[in-house]
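Novice:
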Amino acid sequence: MGDRASMIRGLIAAQPVRTGGLVDRLRCVCQAAAGALSASGTGISVLTDDGTRGVYAASDPLSEHVEELQFLLGEGPCLDAFDRRRPVLIADLAGEAMSRWPMYAPEAHDRGVRAVFAFPLQIGAARLGVLDVFRDRAGRLSGQHLADALCFADVAVEALLDRQSDDAGAPEEPTHDSVTDAVANRAELFQAQGMVMVQIRGSITDAADRIRAYAYAENRSLGEVARDIVADDLRFEADRP
Amino acid sequence: MTTVSAQRLASIFVEVADTLVEEFDLIDFLHMLTDRTADLVGAAAVGLMLADGRGNLEFMAGSDENVKLLELFQLQAREGPCLEAYRTGQPVINVDLGAAASRWPRFAPRAAASGFQSVHAFPLRLRSQVIGALNVFGDTKGGDFTGADVPIVQSLADVAAIALLQERALRRGEALTEQLQGALNTRIVIEQAKGAVAYAQGVSVDEAFTLIRRYARDHNRKLTDVAWAIVHDRTISPELRPV
């Protein structure tokens, strides 16, 4: 599994970089994911609780268009995945999806989409967006493709969390830790996010971001920082009003 | 195992088989299962792990969720009775933790240091499909399971697995993965809520969990919904203060 995750990071890193910013990094995720998941295309939309909604990146123009359709029509698997906080896996868009999304499903189908798999980009209550995987043939994702899609989603989550840190000049690539790997005591990391949320009087997303930015700046692992927070040896201050 | 009346045993089985309720909640269901198992066998602690979409075992629910116990579950992603039961599809019974250091070099000493003496794990399985494992810790040395107890607890685990797979199958083909991934994320929300309540109320994360769980029970709300309200809506109810 660790090998698989590093293989996926390798695939993403192998994509040609244009600007190196967040949108570009997400485009690399989309393009690598399209190839690795035998998809006709992929898209990443950013949706947050404060109302930000829109397509951030896609592997190709057609996927970007299909991704945009759901915001235009106000329905679709991506929006459902966000609302329900779990993946929405539609192996056959011509099936009951047609009645579930009476506007979106026929439109997407007309554009050649036969299957859609939407993965929320989230860490607990921190909701950042959705990764959509489109296929031009009906059929379920294999176990391996599902596992890989979840890994791609993890990378996208990290990129989105680090967007604020980017402005502060944080390092390009996360060092050794990631959201899900290498943190021995994952529960502690999530507990730390909850604590920091109260300390900074911000959202859980802000808290997760502050912890990561701190770990980069201090060159310490997320696990160590989380342990200090939970032990109350480290506190964060509220942002200026 | 403690002596349980046939009537009590029957009602536990019926409860565990009933997943077709309105607004089924996986996390609440698994908590119920661990609580009932703990009652049934008089165990010190019972926990449940399910395999995620990547094939890793993740802790989902426990009759108790103290920090030390949580660590014991997290260790079992790599080694331990749950992983063995999950991989082999067979129960792991009556392992003396004091003598299991060579079998599980990291897990066994930690479990023993936490005051447990024996450990057991039952696969959650339906025919060839194994979806996770039920983990029972005893604090009376060795044989707290007699030959007759094993099939009862394994049957309970089997009924739970069938009920879960059924529930998923009935709703939709892909519902298995969707629901499991949703529940895994809910586990994270619960940890975040523990942290928020612990800091806001000045209590330990263990106490915070007790407060959250009691609040959910007293108000007849799902643990999932209460945790979400705490972290997402950022409303920490005054009732979530330590008593």
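These protein sequence lines map, in sequence, to chains A and B.
Going by the numbering used here, the first residue of the first sequence is number 25, and it counts up by one from there.
Going by the numbering used here, the first residue of the second sequence is number 39, and it counts up by one from there.
Glycine included, C-beta positions come from ideal geometry on N, C-alpha and C.
#1: Between which two residues does the alpha helix (DSSP H) carrying A:Q223 extend?
#2: Give me the subset of the region 150 to 174 of chain B whose CB atoms are less than 7 Å from a CB atom of chain A, sorted by chain position.
#3: Which residues, taken in chain order from the region 257 to 272 of chain B, show a beta carbon closer than 7 Å to some beta carbon of chain A?
#4: With three or more C-beta pairs closer than 8 Å as the rule, is the region 121 to 134 of chain B touching the region 148 to 167 of chain B?
#5: DSSP state of B:G80, grouped into three classes?
#6: Counting contacts by CB-CB distance shorter than 9 Å, is A:D73 in contact with chain B?
#7: The region 136 to 147 of chain A: which residues have C-beta closer than 7 Å to a C-beta of chain B, in chain order?
#8: Is it the case that the Cβ atoms of B:F175 and B:F154 are separated by a distance below 9 Å?
#9: Which residues bound the beta strand (DSSP E) around A:A82?
#10: Which of the three DSSP states, helix, strand or coil, is assigned to A:E248?
#11: Alpha carbon to alpha carbon, how far is A:S83 from B:I226?
#12: Suppose the cutoff is 6 Å on Cβ atoms and the five residues either side in sequence are ignored; what does the same chain contact list for B:I50 look like?
#13: Have a look at B:L249, B:A231, B:L203 and flag the residue whose alpha-carbon is nearest the alpha-carbon of B:L218.
#14: Rank B:G100, B:A48, B:L47 by C-alpha distance to the C-alpha of B:N173 and give the top, closest one.
#15: Going along the chain, which residues of the region 121 to 153 of chain B sit with their C-beta nearer than 8 Å to a C-beta in chain E?
#16: With H, G and I counted as helix, E and B as strand and the rest as coil, what does DSSP make of A:M122?
#17: Is it the case that the region 60 to 71 of chain B contacts the region 112 to 120 of chain B, given that we only count it when at least three CB pairs across the two stretches are under 8 Å?
#18: Buried or exposed, going by whether 16 or more other CB atoms sit within 10 Å of the CB of B:D56?
#19: Using CA coordinates, which residue listed in A:G100, A:G65, A:R225, A:R259 is at the minimum distance from A:D160?
#20: Restricting to Cα atoms, I'd like to know which of A:G98, A:P144, A:R138, A:L86 is closest to A:G119.
#21: Quick one: list the residues of chain B neighbouring A:A171, beta-carbon separation under 9 Å, in chain order.
#22: My output table needs one value for B:E53: the three-state DSSP class, helix, strand or coil.
#23: Short check: CB of A:G218 to CB of B:A236, under 9 Å?
#24: Relative to the alpha-carbon of B:D244, which residue among B:Q230, B:D256, B:H257 has its alpha-carbon at the smallest distance?
#25: From what residue to what residue does the alpha helix (DSSP H) around A:A183 run?
#26: What's the gap between the Cα of A:G193 and the Cα of B:D271?
#27: Per DSSP, what are the beta-bridge partners of B:M87 in this structure?
#28: Here's the rule: buried if 16 or more other CB atoms are within 10 angstroms of the residue's CB, otherwise exposed. What is A:G100?
#29: A:R77 touches chain B at which residues, Cβ-Cβ below 8 Å?
#30: Using only alpha-carbon positions, find the residue among A:R259, A:F214, A:V47, A:A105 that is nearest to A:L145.
#31: Under three-state DSSP, which class holds B:A44?
#32: Show which residues of chain A have a CB atom less than 8 Å away from the CB atom of B:L282.
#33: State yes or no: is the beta carbon of B:I190 nearer than 9 Å to at least one beta carbon in chain A?
#34: Any beta-carbon of chain A closer than 9 Å to the one on B:I65?
#35: Measure the C-alpha to C-alpha separation of A:L35 and A:A56 and round it to an integer number of angstroms.
#36: Below 8 Å, can you find three or more Cβ-Cβ pairs linking the region 172 to 179 of chain A to the region 124 to 140 of chain A?
Specialist: In short:
#1: Within the first sequence, numbered from 1, the residue matching residue 223 of chain A stands at position 199. Counting along the chain, the alpha helix (DSSP H) containing A:Q223 begins and ends at 210 to 224.
#2: Taking 7 Å as the upper bound on Cβ-Cβ separation, chain A lies near no residue of the region 150 to 174 of chain B.
#3: W266, V269, H270
#4: yes
#5: Here residue 80 of chain B refers to the residue found at position 42 of the second sequence. Here B:G80 sits in coil by DSSP.
#6: Locating residue 73 of chain A in the first sequence gives position 49, counting from the first residue. Output row for A:D73: interface = yes.
#7: Q146, I147
#8: Position 137 of the second sequence, counted from the first residue, corresponds to residue 175 of chain B. Position 116 of the second sequence, counted from the first residue, corresponds to residue 154 of chain B. Going by C-beta atoms, B:F175 is nearer than 9 Å to B:F154.
#9: Within the first sequence, the letter at position 58 stands for residue 82 of chain A. First-last of the beta strand (DSSP E) with A:A82: 77 to 82.
#10: Counted from its first residue, the first sequence places residue 248 of chain A at position 224. Secondary structure at A:E248: helix, using DSSP grouped into helix, strand and coil.
#11: Position 59 of the first sequence, counted from the first residue, corresponds to residue 83 of chain A. Position 188 of the second sequence, counted from the first residue, corresponds to residue 226 of chain B. Taking the straight line from one Cα to the other gives about 30 Å.
#12: Residue numbering aside, residue 50 of chain B sits at position 12 when the second sequence is read from its first letter. So the list reads R74, once near-sequence residues are dropped.
#13: For the purposes of this step, residue 218 of chain B is identified with residue 180 of the second sequence, where counting begins at 1. When only C-alpha atoms are compared, the closest one is B:L203.
#14: Indexing the second sequence from 1 puts residue 173 of chain B at position 135. That would be B:G100, whose Cα lies nearest to the Cα of B:N173.
#15: As a matter of chain content, chain E is missing from the structure shown, whose protein chains are A and B.
#16: By one-based count along the first sequence, residue 122 of chain A stands at place 98. The answer is helix: DSSP assigns A:M122 an H, G or I state.
#17: no
#18: Looking up residue 56 of chain B in the second sequence gives position 18. So B:D56 counts as exposed.
#19: For the purposes of this step, residue 160 of chain A is taken as the residue at position 136 of the first sequence. Looking at the Cα atoms, A:G65 is the closest of the given residues.
#20: Residue numbering aside, residue 119 of chain A sits at position 95 when the first sequence is read from its first letter. Selected option, being the one with the closest Cα: A:R138.
#21: Translated into positions along the first sequence, residue 171 of chain A becomes position 147. Under the 9 Å cutoff, chain B gives D90, G91, R92, G93.
#22: Your numbering for residue 53 of chain B matches position 15 in the second sequence. Helix at B:E53.
#23: Counting from one through the first sequence, the residue named residue 218 of chain A turns up at place 194. Counting from one through the second sequence, the residue named residue 236 of chain B turns up at place 198. In contact: A:G218 and B:A236 (Cβ atoms closer than 9 Å).
#24: The residue given as residue 244 of chain B occupies position 206 in the second sequence. B:D244 has its Cα closest to that of B:Q230, out of B:Q230, B:D256, B:H257.
#25: Residue mapping note: residue 183 of chain A aligns to position 159 of the first sequence, counting from 1. Residues 167 to 185.
#26: Numbered from its first residue, the first sequence carries residue 193 of chain A at position 169. Numbered from its first residue, the second sequence carries residue 271 of chain B at position 233. The predicted model places A:G193 with a pLDDT of 41, which falls under 50 and marks its position as unreliable, so this point remains unresolved.
#27: Within the second sequence, numbered from 1, the residue matching residue 87 of chain B stands at position 49. The partner list for B:M87 (beta bridge, DSSP) reads B:F97, B:A171.
#28: Here residue 100 of chain A is taken as the residue at index 76 of the first sequence, counted from 1. Buried, because 16 or more other Cβ atoms sit within 10 Å of the Cβ of A:G100.
#29: For the purposes of this step, residue 77 of chain A is identified with residue 53 of the first sequence, where counting begins at 1. The contacting residues do not exist; A:R77 stays about 17 Å from chain B at best.
#30: Sequence index remark: in the first sequence, residue 145 of chain A carries index 121 (1-based). Of the candidates A:R259, A:F214, A:V47, A:A105, the one whose C-alpha sits nearest the C-alpha of A:L145 is A:A105.
#31: Taking the second sequence and counting its residues from 1, the one referred to as residue 44 of chain B is at position 6. If DSSP states are grouped into helix, strand and coil, B:A44 belongs with the helices.
#32: Lying before the first or after the last residue shown, residue 282 of chain B is absent from chain B, which here runs from 39 to 281.
#33: Position 152 of the second sequence, counted from the start, is the residue given in the question as residue 190 of chain B. Output row for B:I190: interface = no.
#34: In the second sequence, the residue the question calls residue 65 of chain B occupies position 27. Output row for B:I65: interface = no.
#35: Residue numbering aside, residue 35 of chain A sits at position 11 when the first sequence is read from its first letter. Residue numbering aside, residue 56 of chain A sits at position 32 when the first sequence is read from its first letter. In a straight line, the C-alpha of A:L35 is about 6 Å away from that of A:A56.
#36: Judged by Cβ distances under 8 Å, the region 172 to 179 of chain A makes no contact with the region 124 to 140 of chain A, as fewer than three pairs qualify.
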